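Protein chains in written order, with the numbering used here: chain B, 22 to 364; chain S, 22 to 364; chain E, 22 to 364; chain A, 22 to 364; chain U, 22 to 364.
Beta carbons are placed, not taken as given, at the ideal position from N, Cα and C, and that holds for glycine.
These numbers were taken from a predicted model, which means no experiment stands behind them.
Okay, structure first, notes after.
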Amino acid sequence: MAKIEICFDGNGKFVTVGFDELPELLRHEHAFVWLDVDANEPEELEGLRSQFGLHRIDVENALSHEQRPKISLYDDMLYLEFYGLRLVDDEIQADDIGIFVGEQFIITVRRDGNPSLKALQERWSEEQGRSNGSASESEGAPQRLGSTAGTPARKPSAPLLLYAILDDLVDDYFPVVDWLGEEIEDLEGAVTEGNAQKPQLAIQRMRTKLLHLRRLLSPQQEVVNSLLRRDVPVIDEAIIPYFADVYDHLLRIHDWMESYRDHLSTIVDLQLSIQSNRLNTTMRTLTAWSIILMASTLIAGIYGMNFVHMPELNWRFGYPAALLAMAGLGGGLHVMFRKRGWW
Amino acid sequence: MAKIEICFDGNGKFVTVGFDELPELLRHEHAFVWLDVDANEPEELEGLRSQFGLHRIDVENALSHEQRPKISLYDDMLYLEFYGLRLVDDEIQADDIGIFVGEQFIITVRRDGNPSLKALQERWSEEQGRSNGSASESEGAPQRLGSTAGTPARKPSAPLLLYAILDDLVDDYFPVVDWLGEEIEDLEGAVTEGNAQKPQLAIQRMRTKLLHLRRLLSPQQEVVNSLLRRDVPVIDEAIIPYFADVYDHLLRIHDWMESYRDHLSTIVDLQLSIQSNRLNTTMRTLTAWSIILMASTLIAGIYGMNFVHMPELNWRFGYPAALLAMAGLGGGLHVMFRKRGWW
Amino acid sequence: MAKIEICFDGNGKFVTVGFDELPELLRHEHAFVWLDVDANEPEELEGLRSQFGLHRIDVENALSHEQRPKISLYDDMLYLEFYGLRLVDDEIQADDIGIFVGEQFIITVRRDGNPSLKALQERWSEEQGRSNGSASESEGAPQRLGSTAGTPARKPSAPLLLYAILDDLVDDYFPVVDWLGEEIEDLEGAVTEGNAQKPQLAIQRMRTKLLHLRRLLSPQQEVVNSLLRRDVPVIDEAIIPYFADVYDHLLRIHDWMESYRDHLSTIVDLQLSIQSNRLNTTMRTLTAWSIILMASTLIAGIYGMNFVHMPELNWRFGYPAALLAMAGLGGGLHVMFRKRGWW
Amino acid sequence: MAKIEICFDGNGKFVTVGFDELPELLRHEHAFVWLDVDANEPEELEGLRSQFGLHRIDVENALSHEQRPKISLYDDMLYLEFYGLRLVDDEIQADDIGIFVGEQFIITVRRDGNPSLKALQERWSEEQGRSNGSASESEGAPQRLGSTAGTPARKPSAPLLLYAILDDLVDDYFPVVDWLGEEIEDLEGAVTEGNAQKPQLAIQRMRTKLLHLRRLLSPQQEVVNSLLRRDVPVIDEAIIPYFADVYDHLLRIHDWMESYRDHLSTIVDLQLSIQSNRLNTTMRTLTAWSIILMASTLIAGIYGMNFVHMPELNWRFGYPAALLAMAGLGGGLHVMFRKRGWW
Amino acid sequence: MAKIEICFDGNGKFVTVGFDELPELLRHEHAFVWLDVDANEPEELEGLRSQFGLHRIDVENALSHEQRPKISLYDDMLYLEFYGLRLVDDEIQADDIGIFVGEQFIITVRRDGNPSLKALQERWSEEQGRSNGSASESEGAPQRLGSTAGTPARKPSAPLLLYAILDDLVDDYFPVVDWLGEEIEDLEGAVTEGNAQKPQLAIQRMRTKLLHLRRLLSPQQEVVNSLLRRDVPVIDEAIIPYFADVYDHLLRIHDWMESYRDHLSTIVDLQLSIQSNRLNTTMRTLTAWSIILMASTLIAGIYGMNFVHMPELNWRFGYPAALLAMAGLGGGLHVMFRKRGWW
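What follows is the structure, encoded as structure tokens:
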């Protein structure tokens, strides 16, 4: 069920109206609504389409899964596709959200389970209760939203609310990115100390995760950037520093992702080098012990020959001498290999 | 044989005419035709060349195989080369299609076997039947084509039909791309579990496939992008969001292809690492068993020596003691290797 | 010796004149000449320099070897450096050619052995003979050169001749590129089936070839592209689609080259992986047989010990039992290794 | 506690005032202050915010950790985030610093421990003492700051001070970058000579360090570049060469970092190749000695056989002959392996 | 000691003046000087600074070591930093040179040992001698400098002299680049034939050399390119083709360097593949000989057992039969391994 998150009647009041009263309300120049539509019930958005003049293609995109982050700019409206990220049981979940922004409205389109904007909605419902109680009080979070620096503007502004939504979504990326960074460092530690079970599979899983995330996030920079550069009619210039801040956050996340990717590929090299080193160690063990044991066996073999004339065989201490020779040879080789740093 | 797919007489009727009646028909300002030419019969397109003022170079390109996706823009016309993709027996087939777009006509040039536009053609022939039956009925697919949002325009518009064609072609890419993604995940699974026959050859085949596909698809973005940016005379601005949507689809496919490529190269690394790991395991098996067996053989060799004075040989339990020594040594080494994690 | 390939007197006749008559001839507004100069006889080009107002630097470049493809644009002239490619005994030969283009002349500068433009020259000499015989006949190849679509212009046009030359040169690239592609596929087959002699050397040779070719060809795109974009005075707009076609051919060749390069690097990975696989197989053979043989030898060694009290030695069937034990152990190990997929 | 580093009263005097006198002082057109705020005491900067009209978002960024280097440009002000680097116990420490620049003020925001600007501050306090003593003396370091070439301007200029700060910060990068270069060369030496303990871990640590540093530094070029290109109101054109010099220094550092990265990846290849070479050497040792020892053991085994009819066993010199055969075989193989370059 | 390389008094004479006469001389509109300053004696350049209005920052850069190639453009002057390259004992030496260019002067700043411009200076001193002897004579090298094509201008022009200097410096790059190419081909040959001592170290040294060179040269393209694009006041348009030629030379060198880099990385792959191949060969030798020798030893071991009931031991030809069995087994295995292509 679509919900009306904010409904401002243009006379300084937050009001509660039904869907059928919306057209009436929006006739007032300063009225403003934020509608939150569930993408699982497409007929709702269809219903709003003609009311707000949404483009057919955007509506189709908003309702379908797995779109690419994008922005469509119109004369009096814009449409954004963005992603919310969250960690669910150590898996990264991406929820897509479609955002229509007009002069008097913002429509967010989400699947039901998507909790991305919960905090923002709570801030707003609190604000509405309070502001209706006493319209003069204006500090804290809503202040941060509903006003540019210094001049407190009462009406919720569409671009500022858009900023609040994007900021909220992007702020949710940081814990995910931090978690990724820790996972990668754990992985590096496990590879370095060699106590990982099948490190190559863990590396592979992490690389796949990063690839997936990068495919989601990298087009978003472009989306926010076009809010800064182009003459976007809905967004007035005083608000651009806010979007520039969101853009900077996205760039920082992008820097981190690139950094993770490079880090992972150094871990791949490291793992390869450690494997190769381990093989070297194994082979040296094999070589050294083979030589020691085969040399000793050769001595034993020599005195196992059945020649009639082998004077040593009759020596009193021939046997211990042979044992000594073996031990001496083995010990000597042992020392030699140690000197050459083989173990 | 070239077919006339759509023929609209400008008076709200879809009509059926012969080729020789075309010039007559097109004298009417709102008339419109869609001709579908078989590239295997070049003389047909040659025949249309002077009629529609097609550029000689474009005609040559449309008739030849293996062109690069491209766009040529003229004052009153444009020429596109595009690809259709489909899966035939788990092989990706690419069919090139040349598209001439003018104010009053669209000419598509294809090889005969190419089924790319079948669905679109069926939609249209259905629409023609219906619309001639009752001209007032206008919903469903043709509606989606023949009208911008809200204002139902009767005449089939060249750019909207071009959009429908490109959309149709690009929509056919998604099953191919999804199939590729599944193949790659199967490949990853097979490599991970080590039960692939010659995984390196499967990887190689997949990489070659991706290279081939990338060479086909990557120039297409550029082609569609130039429909958005340049002041293309045939395309009026209201339709640009439609092409922007096709462009977004191409970008998404491009993102996926890049992602696949990176994924494949992580699989190459994984396969290398697994191979190297397997070598390590083999060598450790060799080393451990060589040492155990050679050490036991050495003991046997020692008691096989023929020294006259070897007191152990005369011991009552010399033989079982020697066997015990071998077993003990072997068991001890076994435990030691296990402790060092060698198996 | 420089040759006069085309000499058109401006009155609809191809004429034959000496070098000293050229100034006289060119005084006629519609006269046109194509001079083909041998770079091995620098004084000829020097002689033409003041006649046609060529830039000193360009003349120096045209005469020297191993220049980079480039373009110099002047108010009434342009200078291009381009490459012709051909296969000589399975080696790629690149011949550089300098082209001066003015309103009334084209001067091509080549080394003597360079056969690049032979076909074009033959087409022209044929055309001259015929056109002087009957000036009204105009079809076939010269038509393709000497006229824009539809309007047959008698005078050979400098930009159209330039197009013909570039098209001729670029058309010669395709057999070379196709040959390369086949060579690479042969190489891949040989690597895959493992029956190549020293595949790493063949790969290396092919990579070096590609590097060399890429260094020659990649600047050429830029050269042709600047013919499209800049307001080149010598080239009028109607002819730009022709150069756009040459540019598309160069892009296609570039795509192929990139594709080959990526393909080769997948072959390098494949070869590495096959080598590593082969090593694995070798090591498993070694390990399995070592264990089988050493275990059997150990049994033989045990019964070769000289203990006085070894009851088995006196058994009636001790010897065959020992042989059986060896065979049984060997067979058992053999089965075990086979089960683990070692051979 | 925020400190007032420079306070110039506009009448040619450096004065000492309290925070509450600042508004009064700044009413004078030529007055100028440099305030140095501790980011650990956020309420101080908050206090300055309305006084100087700082943007709320910038203040938030200046107070928080781990921002990305960035620049915000306003009509009468700019805000920069930059990094200072220093070596602490062979670890690279990065301290972020926020810089607000207006016509009459510079505010630097740092954590307390950050020593980056100490030298600059000392130069200034010295200068203030001296200049107040005798206003006519003007040479040395302050000269370098407080004046453009030739015309000694008494008032400290905001952009020149900004230049001095950035120059100071960037100058501190060079020792860090030089130290990194030396570390990398040491690493290369250790890898080359093979006497490094776990070189792969050292390489990994260095690569991680570089990744970290690159993430910090690469956005700074962009920041300084935008001081050069855009019409930054606070910065007048005569000073741009100074910032261009800072930009050049950043480019040089960037070149070095790229160079280090490439160098490290060649070291990775080198290390892999050396490891592979070492494995080769080990395996050749194993192979050669295995063959020599096994061949000798075979001879011993042959004469250890118990056949009744073995004439050699009864030879007078059978035993030494067998030993000689072993030695000869061993020596012969030794020579052969040496000839094939195996050791 | 700074030297006056060219001093032209504006009346068609090359004159010799002292430093103190320079201001007097330069008052003449057509006068021109080329000063060559030694960077080891900074006070000289300091002295010229106010005379010619050089920027303080540029002077600092010109005097310091290891600057990045750069260009600073002013209204009536420009400052360049460039590199000269030469081979000294098979090591590449880079000498930096600072160049100030004004309407009436060029100042080159170099360290004393730098021989880069010697040839140019000699050409000039010769020219001065000759031209003063007979002012009408004007051919050969100076002609190439002091005149645009066709119109002999007597006064040495600053941009043409700058061109001559840059051309001279860049011409010196080609022998260095050629030498590098030969070294790389030698390296490839040595790696291919496997007769290199420690090829991985040679590769590493070459890669480091290329990295170093690339860091020096790649910014120079940008420097020369900005001479072509921007409206550089000192450089008039007729001369731009000359600088375009220098730029082309730099691009060619850049192409070669990129090509070398790619070539080197194919050599790294080749070397790895050859190493891996060699390991394979070694292991096959080991495996084959181990199996042959161990199998023979097993036979010897069997007949060395001490069973009482071993009928073969008493056979008349038991011993030769056993030897034959060994030889047969060994020979059979040998043939089998040869068939499998193991040696």
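Given residue i, which residues of its chain have a CB within under 8 Å of its CB, disregarding the five upstream and five downstream residues?
| i | result |
| --- | --- |
| glycine 352/E | none |
| leucine 344/U | none |
| histidine 86/A | Asp117 |
Going by CA-CA distance only, name the one from the options that's closest to residue i.
| i | options | result |
| --- | --- | --- |
| tyrosine 104/A | Asp96/A, Tyr95/A, Arg89/A and Asp97/A | Arg89/A |
| histidine 224/S | Pro240/S, Leu291/S, Glu279/S and Ile118/S | Residue 224/S is actually isoleucine in this sequence, not histidine. That would be Leu291/S, whose Cα lies nearest to the Cα of isoleucine 224/S. |
| serine 178/A | Gly123/A, Met227/A and Thr213/A | Gly123/A |
Mind checking residue i: buried by the 16 CB within 10 Å criterion, or exposed?
| i | result |
| --- | --- |
| aspartate 269/B | buried |
| histidine 330/B | exposed |
| valine 245/S | buried |
| asparagine 327/U | buried |
| methionine 304/U | buried |
| methionine 315/U | buried |
| serine 146/A | exposed |
| serine 155/E | Because serine 155/E sits at a pLDDT of 45, beneath the cut-off of 50, its placement in the model cannot be relied upon, and the following sentence gives the value as read from the coordinates. Label assigned to serine 155/E: exposed. |
| phenylalanine 338/B | exposed |
| serine 137/S | buried |
| leucine 47/E | buried |
Which same chain residues, not among the five before or five after residue i, have their C-beta less than 7 Å away from its C-beta?
| i | result |
| --- | --- |
| leucine 272/B | Gln242 |
| leucine 201/A | Tyr281 |
Give the DSSP-derived three-state secondary structure of residue i in the structure shown.
| i | result |
| --- | --- |
| isoleucine 320/A | helix |
| serine 239/E | helix |
| threonine 303/E | helix |
| leucine 451/A | Residue 451/A lies beyond the residue range present for chain A, which begins at 22 and ends at 364; the question has no answer from this structure. |
| aspartate 257/E | coil |
| glutamate 50/E | coil |
| alanine 115/A | strand |
| arginine 361/E | coil |
| lysine 34/E | coil |
| glutamate 124/U | coil |
Beta-carbon within less than 6 Å of residue i's beta-carbon, same chain only, minus the 5 sequence neighbours each way: which residues are those?
| i | result |
| --- | --- |
| arginine 165/B | With a pLDDT of 40 at arginine 165/B, under the threshold of 50, the predicted position of this residue should be treated as unreliable, though the coordinate-derived value follows. Around arginine 165/B: no qualifying Cβ. |
| glycine 31/A | His49, His51 and Ala52 |
| asparagine 135/E | Asp116 |
| tyrosine 324/E | Ala343 |
Checklist line | Where the segment 79-105 of chain B meets chain S: residues whose CB sits under 7 Å from a CB there | finding: Contact residues of the segment 79-105 of chain B toward chain S are Arg89, Lys91 and Ser93 (C-beta to C-beta distance below 7 Å).
Notebook entry, point to check: Which residues, in chain order, does the segment 290-310 of chain S contribute to contact with chain E at a C-beta distance below 8 Å?
Noted result: Only Gln292, Leu293, Gln296, Ser297, Arg299, Leu300, Thr303, Met304, Thr306, Leu307 and Trp310 from the segment 290-310 of chain S bring a Cβ to less than 8 Å from some Cβ of chain E.
Next item on the list: Could you list the residues in the segment 204-226 of chain E with a C-beta less than 8 Å from some C-beta on chain S, going in chain order?
Entry: Hits within the stretch, in order: Glu209 and Thr213.
Check: the segment 311-322 of chain U: which residues have C-beta closer than 8 Å to a C-beta of chain A, in chain order?
Finding: Those would be Ser311, Leu314, Met315, Ser317, Thr318, Ala321 and Gly322, in chain order.
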